[in-house]
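Read in this note's numbering, the sequence shown has 412 at position 167, and its numbers run on one by one without any break.
A virtual CB, placed ideally from N, CA and C, is assigned to each residue, including glycine.
What follows is a short report on a single structure.
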Amino acid sequence: QKEVSYTQKCLRQELKLLGYQIYEDNYIEENDSKTYEFITDILKDIDISKHEIQTVVGEVLGQKMNIKLILNSSKNEKSRIKLVSEGKYSITSEIYQKNRDGNEISGDKYYLSEIKNGKIIAISDGMGSGIEASSMSSAVINMLDKLLLSGFNNNTIAKIINNVVKLKEDSNISATMDMTVINTNSNKVNLVKMGAAPTYIISSVGVQEFMQDNMPMGLLDTIK
C-alpha cells in the first residue's frame, strides 16, 4: 500500500472539515508543479464547491491551485476532482483566420490545449487549397490531439503523423505542422516545426528568428 505523505493527510483533514468525504486521492509534487486529485461525493453546487476546494487546497500547499477537471458520475454518485498548481507565467493566445480569395474553405487548421504545466498551440497548413487541403490539415490536428492525450512525446508524435500522412493514397498530399509547447513554470518554449513558417520571439534584446529545414509531413520516410 502506498504510503500517505504528511501533506496528503493535511489535505484530507482540511477537506473533511468542509464536508468533503475523501474516498481516494493522490498527491504529486514535481519541481515547482503540484497536482492533487481526489474522489468525493458528487458535487451539488459546482461554483461554491470549486471556490471552497481551490481555496483550502491552495492554503495547505502554499500555492494557488486551479481545478482542471471535475468528473461527475451519476452511476456511483461520486465526483473526481483534479487540481494543478498555477504557473508562474500566464499565456495569452490569439487566432486570426481568413480564407484565401475565392475559397469558401480554409486549408489551415489550428489547435489550442491546456496542459499540466502550460499550453500547446499548433497550426497545420494543408498543401493546396479548398476541401482537399482542409481535409489533410484536419487529419493532422485530429491525430495530434489524440496522440497528446495518449501521452506521446513531441518527437514520437511528429514521426507517427508523418508516417500516417505518407500512407495516404495520393503521394502528392502533404501538410505542415507548427507546434509550440510553452511551460508556464520554467518560461521555456519547445518548437516542433515540419515545413512551417519561421517563428519569431520578440523581447527586450531584439528579435530571434527560428527557421527549420525540414519538409512538410508525408513527403519523406524519415523526418528530423
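Close-in-space but distant-in-sequence residues of the same chain around residue i (CB under 8 Å, 5 per side omitted)
i	result
isoleucine 291	Ile315
methionine 310	Lys279, Tyr281, Gln299, Val302, Gly303, Leu328, Val329, Ser330 and Glu331
glutamine 342	Ser351, Asp353 and Tyr355
Reduced DSSP secondary structure (H/G/I, E/B, other) of residue i
i	result
serine 374	coil
valine 426	strand
isoleucine 368	strand
asparagine 317	strand
serine 324	strand
glycine 303	helix
lysine 333	coil
aspartate 346	coil
valine 434	strand
glutamine 253	helix
Counted within 10 angstroms of its Cβ, other Cβ atoms place residue i as buried (16 or more) or exposed
i	result
methionine 439	buried
isoleucine 293	exposed
leucine 393	buried
glycine 371	buried
isoleucine 406	buried
serine 324	buried
lysine 354	buried
valine 305	buried
Same chain, Cβ closer than 6 Å to residue i, five either side skipped, listed in chain order
i	result
glutamine 453	Ile446
asparagine 432	Tyr334
isoleucine 402	Leu392
isoleucine 365	Ser358 and Val426
Spatially closest choice to residue i from the options, by CA coordinates
i	options	result
lysine 313	Asp353, Asn362 and Lys391	Asn362
isoleucine 284	Glu322, Asn311 and Val409	Glu322
threonine 421	Ile368, Lys320, Asn271 and Gln308	Ile368
asparagine 398	Val437, Ile376, Leu412 and Asn408	Val437
proline 443	Thr429, Met424, Asn428 and Ser449	Met424
aspartate 539	Leu256, Leu262 and Asp277	No statement about residue 539 is possible, as the shown extent of the chain runs from 246 to 469 and does not include it.
valine 204	Ser358, Ser318, Glu297 and Tyr265	With the chain represented from 246 up to 469, any question about residue 204 goes unanswered, as that position is not in the structure.
isoleucine 326	Leu306, Tyr356 and Tyr272	Tyr272
glutamine 308	Ser449, Gly451, His296 and Asp277	Asp277
histidine 296	Ser250, Lys404 and Leu260	Leu260
aspartate 390	Asn435, Ile267, Ile360 and Asn428	Ile360
asparagine 400	Asn435, Tyr265 and Ser379	Asn435
CB contact below 8 Å: residue i versus chain D
i	result
glutamate 454	Among the chains of the structure shown, chain D does not appear; only one protein chain is present.
Beta-carbon proximity list for residue i, same chain, < 7 Å, skipping 5 on both sides
i	result
glutamine 457	Lys438 and Ala441
serine 374	Arg345, Asn348 and Gly352
isoleucine 376	Ile350
Does the region 332–341 come close enough to the region 284–303 to have 3 or more Cβ pairs within less than 8 Å?
-> Judged by Cβ distances under 8 Å, the region 332–341 makes no contact with the region 284–303, as fewer than three pairs qualify.
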